[in-house]
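All remarks here apply to the structure that follows.
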Amino acid sequence: CHLIVGFHPDQAAGEIVEFAIARKIPWCIVPCCVYSATFSTRKLKDGTHVKSYDHLVKWLCEKDPKARVATLDLEGKNKVVYTLPDDYR
Numbered sequence: 003c004h005l006i007v008g009f010h011p012d013q014a015a016g017e018i019v020e021f022a023i024a025r026k027i028p029w030c031i032v033p034c035c036v037y038s039a040t041f042s043t044r045k046l047k048d049g050t051h052v053k054s055y056d057h058l059v060k061w062l063c064e065k066d067p068k069a070r071v072a073t074l075d076l077e078g079k080n081k082v083v084y085t086l087p088d089d090y091r
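Using my numbering, you'd call the opening residue of the sequence shown number 3 and step up by one each time.
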């Protein structure tokens, strides 16, 4: 496997990142829904509960210090959080 992709993966976003990190595989996630009630224990490093889309993007970035964010040219939830192949060499 050369890349793990989650396009609007809903509740699986965090697990996709954790799976990829554990296997040193580059990943990219285009997160969508936050599910703050389902994941009420999710917190940013500063202790803020993950309750908004921006929080979710930041939370995913905090899982991997190599993570980057780009904005896709589309309407709606258009942030992609990703790592590159060179990040794991």
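Cβ atoms here follow ideal geometry from the backbone N, Cα and C, with glycine treated the same way.
Let's see if you can read the secondary structure: which residues bound the alpha helix (DSSP H) around residue i?
i	result
residue 55	55–65
residue 22	15–25
Checking 8 Å against the spacing of the C-beta atoms, do residue i and residue j come in under that value?
i	j	result
residue 79	residue 32	yes
residue 71	residue 55	no
List the whole-angstrom C-beta distance separating residue i from residue j, where the pair is believed to meet the contact cut-off of C-beta under 8 Å.
i	j	result
residue 53	residue 38	4 Å
residue 48	residue 68	Incorrect: roughly 20 Å between the Cβ atoms, too far for contact.
residue 18	residue 6	6 Å
By DSSP, does residue i sit in helix, in strand, or in coil?
i	result
residue 37	coil
Could you tell me the alpha carbon to alpha carbon distance between residue i and residue j, rounded to whole angstroms?
i	j	result
residue 76	residue 82	11 Å
residue 40	residue 46	16 Å
residue 85	residue 62	11 Å
residue 42	residue 11	18 Å
residue 29	residue 51	24 Å
residue 91	residue 8	22 Å
Over the uninterrupted beta strand (DSSP E) stretch that includes residue i, give me the two end residues.
i	result
residue 52	Note, residue 52: premise wrong, no beta strand (DSSP E); not H, not E.
residue 85	Here residue 85 belongs to no beta strand (DSSP E), and DSSP marks it neither H nor E.
residue 70	70–73
residue 8	6–9
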